[in-house]
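In our numbering, the protein residues as written are 457 to 853.
Beta carbons: idealized from backbone N, C-alpha and C, even for Gly.
So the structure is just underneath, and the comments pick up after that.
What follows is the structure, encoded as structure tokens:
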């Protein structure tokens, strides 16, 4: 067996970044930017009014000044001519300042009578300078996963199609005679496939496309047929069938089809029977069949692989620190990723592992918002000691 850290290194070594492509801005949210995006113009491209009011020369901005109003400027409809000293233009938020003006007196500080105004009070200039947000040539640097805020910025920069990583195609294959799909009626010896759907949701949240393939039954021909349906995928994920039982066929069948194995079995729990390799042009990741084992391994290995395929730097999970809420005995010869609950919102939160850590208990995982990391041979630990943990989506939300 190899360590979890070594297994992750080998997984990431298989995950060369996918090609990049221009992506329409309306479809780019969640994609990974691979080339810097550069603004073709400043924002705002001209000095603009920050408030509704009257544009005038700053030398006229004094209480009691009476000025004729010679025109109007609105967003998208500027005032065409210059404005002489001693005159003003009615202006609305976002409109370009007319030539000859550099100050906007807000409408609440003005008394208007017909075509003239009298300034009651004079405050700040209320002008957004040209380029106040960004200048032409400003860049959004790659690589990064594009958020809604990034998309708004790229639109303002007039970038219609940022260059992003192609979305990874992931084929998900559940294995086992005991499985049926949700909505079907299980036989007396069957259960409903669950981890398949959890992994699909995780894959798609990480920016990839997931394909659910038919359940592969516990015979070599069925598994080979379903693996054939994964053609064109960048990553094939099998669930179950990677251990040492008579019905654990993923390794032998995949090797018969040409898989180059990178490793098999790691010193961790849950998730010892993990396998990775390359099958043709695709990565192959063989996850354990127990639901919690598969999902925990998904967080530790599958999601980092997807980040690497999309060209993100430092794709490995980043542990954080917390104070242990209870005493714990020594850990054994395998790293243990314990389902746990975080409490407190200080600089160092408190972490409490659940009493039940069976790798088949989805209810415990659904209530967890962290994985408490127990390294090989760690402990014993006392309440109050600092320990590493990995946040789960419930806590990050």
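Comparing alpha carbon positions, the residue from 686, 641, 593 closest to residue 629 is 686.
Residue pairing of residue 735 in beta bridges, as defined by DSSP: 738. A Cβ-Cβ contact shorter than 8 Å links residue 807 with residue 781. About 11 Å separates the CB atoms of residue 816 and residue 751; that is not less than 8 Å, and the two are not in contact. Distance from the Cα of residue 501 is smallest, within the candidate group 694, 777, 584, for 584.
In this structure, the beta-carbon distance from residue 773 to residue 756 falls below 8 Å. Sixteen is the threshold: when 16 or more other Cβ atoms of the shown chains lie within 10 Å of the Cβ of residue 559, as they do, the residue is buried.
Inclusion of residue 541 and residue 571 in the CB contact set at 8 Å is not warranted, their separation being larger than that value. According to the DSSP assignment, residue 782 belongs to no beta strand (DSSP E), since it is labelled neither H nor E. Here DSSP, grouped into helix, strand and coil, assigns residue 671 to coil. Taken in chain order, the unbroken stretches of alpha helix (DSSP H) that lie wholly in the region 623-661 and span 4 residues or more are 651-661. Excluding its 5 nearest sequence neighbours in each direction, residue 818 has C-beta neighbours in its own chain below 6 Å: 747, listed in chain order. In the structure shown, residue 774 adopts coil according to DSSP, grouped into three states. C-alpha of residue 785 to C-alpha of residue 838: approximately 9 Å in a straight line. Residue 640 is classed as exposed because its beta carbon has fewer than 16 other beta carbons within 10 Å across all chains shown. By the 16-neighbour rule on beta-carbons within 10 angstroms, residue 826 is buried. The alpha-carbon of residue 795 is positioned some 9 Å away from that of residue 811. In the three-state DSSP reduction, residue 687 falls in the coil class, being neither helix nor strand.
For the region 555-634, the continuous alpha helix (DSSP H) assignments of 4+ residues that do not extend past its boundaries occur at 604-612, in sequence order. The beta carbon of residue 638 sits closer than 6 Å to those of 648, all from its chain and outside the five residues before and after it, given in chain order. Just measuring C-alpha positions, the residue of 580, 644, 504 sitting nearest residue 533 is 504. For residue 752, no pairing in a beta bridge is given by DSSP. For residue 806, the enclosing beta strand (DSSP E) has its first and last residue at 806-809. Residue 707: member of the alpha helix (DSSP H) spanning 706-712, first to last residue.
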